[in-house]
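Since the structure comes first, as structure tokens, the remarks are kept for the end.
Chains as they are written, first to last, in the numbering used here: chain Z, 919 to 1268; chain P, 919 to 1268; chain X, 919 to 1268; chain U, 919 to 1268.
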């Protein structure tokens, strides 16, 4: 069985994470090239994994190396162009979240993949985390009854890069940090979001020297679903204390908790005035190690079997729409229906 | 040391709970009379605890028996009149939550106690729960830094009585079930609430035969505090699965979780396809056994030492104001500032 | 209802703990006198609780004050004489563990109580801890099937007093620290112990300046029950890290865990390199607060209703027999059957 | 990088588990042949994984296929001959636990590998489990001080095959189920075992139709280490309720718990009379998924880098010696020193 050849686009944290999965744990795939315009970052990642070929641009890689698929891990504002280029070149596309900046960009990516007949998978790795997978199946099977309320949180330890919190170059924290929450609540509730209301707060910006307009490091989102169910999402970044991703769902028959603060089951007490100490997940690669492996494994198997991945461009587009509604909400201090975003001209133009 | 003599007003679930605390665990107090207009309920409670005197009304009790204090556990709409009567009669008042239906009623109760020179304590027992007490002290001491986000939830197992979910006779679930959340978030965050936004949903009303207008069994509240911090409160009642009261606070330095789903530490596994089974708190008396004992103990000691209780009428009034803002929010589908409630004519008139 | 009048014998840690329960949480009893030969210790405890009468000896108290019962909390080597004196004086006896130094002493105490027609209860408070009580009932009900293996541990934070680890004045750590384990395993397994084997180790004695012969701070006990079931007990004292008392039982149908390391449910994380911090039980009064209250409450109710307490002298005697077997085992480096202890002349003579 | 070619010897549960790891998660290795004398079992495993070559004996495989290493997963009584054959044929040997039936067999395997200059690794996968690895490093770093007491347990869900509980063909449960405990306690304590005492019990044998002499399904082992530390090991098999492997270590400075009963963090409550339900590890492949992957990955990297694996034949031999002492203990009802086993003629001859 010949491994699927992959060109990794982006040599930063996420590019390294996917490289780690593929080089160490996915016999069905092989990374044949690395693309990154930043020479130092690219060189470091090449050396860490032993990449045999590397390039400053996807164009160069496409010309020089033979591969079947790309894994795109670059900043969001580059997604549309890179994904469309890869698709047009006949490469299957694994695209990190957030899918793109706006719905028009999402539509262009989806169209490019469809026209080229290549697969498109969005990097919602929680859909492949064993705990989330089991939870979704149990909700689907009716174990807790019709879902009534969902709460999802993502708190990340460190300050994201400047572009990620600037609403001029990104959709900000609700997109860069909370993308997975938007996707998960829709997936787990089996319903699209109908209305959002968002409160944000900036606690650490000043001390961290962040002067970006509209910067916030805390957000609390209220959700109403088309099903009539309710929900909330919280985002805190940087939170400092670890990587925290948990979900709680209350259904007509009961409650389900997915994930927990505690990481590794090695518990120590050496000071009775302090108490028990349990490791926490320090980073997202620790928390979602299996999710990252399995989503790429799923992508590779989908290519091999020529079937659509289970997480599609349409899923990525829904998350983008929710973020756009959420940003409108906190900027205008009012609840915003997704219908408003989905049907406004901007949704078509850009 | 002569015990403080108490007249228990209300022989229902809460009246029985306070009776249980006083008869079994508070040597410093003695219940000398029970008041309830419902003969069957009163008789049952008299027999359960061995009350030596019982009456259909507080007036009768005041005439017949000598006591220093009342514990009022009747429906909210009776609070103003009973508390004012007790105060005017020179009795110290322990008054269950919600304090009253509106701010004017709260003001009348506070004024009555002040004029009579009697103590007034509101039944926010979470302020006396050992876990909440320890948590509050640790937040106050700066252990997690300035609080940025708080989440508080109260999910109750069973359907409340009809009057409690009817906005004509009560402020509904957000008052009857979530009173403690409103008080706790303000206490733990060290800040008043500035703005609320509420989504509600009715999932089980139809099957339970509840036809009350505006009935809901699920609520998700967004909070903004005067400090700039954010928060959320959720209410689910009836939730069926147990009594669930938990709080999570994220501060600039870290996260704190107060309370947990698991109750008694007796864990059993007899079926590997099912897994570990851990008891849950079934009811609020189980969850807050110590809180109930300690709040009455505090009341009794405050009387003995003639000093103001730590939970006052002002605290009860803030919780009522927040509920009024919350109800306005879901009825008018918009965020509502507490200032709007505190300054509107209704706040003065009724 | 007149409270039962109690004379507290012993003003040290355990005497203060029982005083705390009675003064604060047991309306059905009242402490009318405190006895302790140590003037400083007695004076401190008198002041802490407001004892109205206090004496250097039980004899003096018997002469001066009227009471119905004693709670004896003095060192083990005083138990026989004090318990017998109280019984002969017609006082009901609550006697702390270990019951006595030898089986003959136990027999003398039991006989004294029987002849005087007074009640005798041994201070095995775990039998009144809500978790242990629930667990015992569930085992009894067959939830985990016939019990096959039990593991019980007691690790205490600090070094016991010198007399308690000296085999000349006490039966040592296996008696003073692990008494509760011996009683609990017998109770929970529904079977007497048949054979024990003990390994001991001395890790901290030298650094703590303990030069007592046979001193050990770690013990691991193997158990065989008459039912054919197995078990182990571990004792570590001083362990430093907290007060740790847990039991695990494996039955034919499954496993049960009783108790846990974690104490109060207030969990904090402020450092992702350290992890979550959960309070631990620091001391036995924290861990068994309810057990201490309920065992005295049970004693008081037994007196009021003139019926035998559920924990009797026979139970205390079994624990003493097991300790004697255990000490023989580690001294002679061999498994020892309880039959050997129960039937040897020493068991009758001393 | 050419993958290391492996011949899998044994197509049963353990052979399938290692096949799963290698085929799905270890790009550095490839399974080129499967050996098993049982046609049906072999055929099923061939089909499950797509093995390209398969044989009834290792001899046939050696003749027909080119490979660098074997992974031996057959019953213990076949280990010596298969491992020696592979070594003599110049193949690196990964050998499942228990290493062999006696010390002489162990010595023969070690000698064969040494003479052939091939690597020999024993299948103690807990040494590669992330939790055990982290725990060992933290103990080694002195976090809990000098280890004083260790408790290790392995409870397995189902009845082992007949040969495994027959002392004529195996060393029984203490070898087949508890091998990992023997290895782990020695590894984590940093000390060899000095003395063991064992109690065993047979609870379910009759109902399961097991009539083998000396059959037992429960064992409790007392340990004394050369360092002076103490310990215990418990084995229950079949326990029914899941796969349970946990360790607790008390050191001079504190306590450490490794592993937990709870598996996946998906917690559900749908019945307040039952309580919270948390998944448990159902099987050893679930519990030690990463351990199985990492031990083979370590073996493959050791081959590639021509360096000795971290778990050696000497480690396997120590575990066998401990089991022999333990079996002597329960058969002769006395404590047995390891020195007795290591120096007796049988240790050399067979």
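We put the CB at the ideal spot given by N, CA and C, even for glycine. Values in this document were obtained by computation on a predicted structure and should not be read as measured data.
Separation of residue j from residue i, as counted between CA atoms
i                       : j                       : result
residue 1121 of chain U : residue 1120 of chain X : 36 Å
residue 926 of chain X  : residue 1025 of chain X : 23 Å
residue 1249 of chain U : residue 983 of chain U  : 46 Å
residue 1184 of chain Z : residue 1173 of chain U : 10 Å
residue 1035 of chain P : residue 1008 of chain P : 8 Å
residue 1029 of chain P : residue 1230 of chain P : 12 Å
residue 1271 of chain X : residue 1161 of chain X : The structure shown has nothing for residue 1271 of chain X, since chain X only spans 919 to 1268.
residue 1216 of chain U : residue 1089 of chain U : 28 Å
residue 1066 of chain Z : residue 928 of chain U  : 50 Å
residue 1265 of chain X : residue 1238 of chain X : Reliability fails at residue 1265 of chain X, whose pLDDT of 45 lies under 50, so the model's placement of it is uncertain and no value is given.
residue 924 of chain U  : residue 976 of chain U  : 12 Å
residue 1095 of chain U : residue 1191 of chain Z : 39 Å
residue 1168 of chain U : residue 1048 of chain X : 27 Å
residue 1003 of chain U : residue 1027 of chain U : 9 Å
residue 1268 of chain P : residue 1060 of chain P : Residue confidence for residue 1268 of chain P is low, a pLDDT of 40 falling below 50, so the modelled location carries little weight and cannot support an answer.
residue 1055 of chain U : residue 1005 of chain U : 32 Å
residue 913 of chain Z  : residue 934 of chain Z  : Coverage of chain Z is limited to positions 919 through 1268, which leaves residue 913 of chain Z absent and any answer about it impossible.
residue 1213 of chain P : residue 1041 of chain P : 7 Å
residue 1106 of chain P : residue 1149 of chain P : 11 Å
residue 1262 of chain U : residue 1142 of chain U : 20 Å
residue 941 of chain P  : residue 970 of chain P  : 12 Å
residue 1179 of chain X : residue 1078 of chain U : 33 Å
Three-state class that DSSP yields for residue i in the structure shown
i                       : result
residue 1182 of chain Z : coil
residue 1046 of chain U : helix
residue 1267 of chain P : Only weak support is given to the placement of residue 1267 of chain P: the predicted model assigns it a pLDDT of 37, under 50, and the value that follows is read from those uncertain coordinates. Residue 1267 of chain P: helix per DSSP, three-state reduction.
residue 1119 of chain Z : strand
residue 1150 of chain Z : strand
residue 1039 of chain Z : strand
residue 1056 of chain X : helix
residue 1019 of chain P : coil
residue 1024 of chain X : helix
residue 1062 of chain X : coil
residue 934 of chain Z  : helix
residue 891 of chain Z  : The requested residue 891 of chain Z does not occur in the structure, where chain Z is confined to residues 919 to 1268.
residue 1130 of chain Z : coil
residue 1080 of chain P : helix
residue 1085 of chain Z : coil
residue 923 of chain Z  : strand
Strand pairing of residue i, partner residues [DSSP]
i                       : result
residue 1166 of chain X : X:1069, X:1175
residue 943 of chain Z  : Answer is none; residue 943 of chain Z lacks a bridge partner.
residue 1010 of chain Z : Z:987
residue 1145 of chain Z : Partner(s): none; residue 1145 of chain Z has no beta bridge.
residue 1140 of chain X : X:1115, X:1150
residue 1196 of chain P : U:1194
residue 1110 of chain X : Paired residue(s): none; residue 1110 of chain X is not in a bridge.
residue 956 of chain U  : Partner(s): none; residue 956 of chain U has no beta bridge.
task = Determine contact between the region 1140 to 1156 of chain Z and the region 1071 to 1084 of chain Z, defined as no fewer than three beta-carbon pairs at a distance below 8 Å.
result = yes
request  = Can you check the region 1200 to 1266 of chain U for any alpha helix (DSSP H) of at least 4 residues that lies completely inside it and give the ranges in chain order?
outcome  = 1202 to 1205, 1207 to 1223, 1231 to 1250, 1256 to 1260
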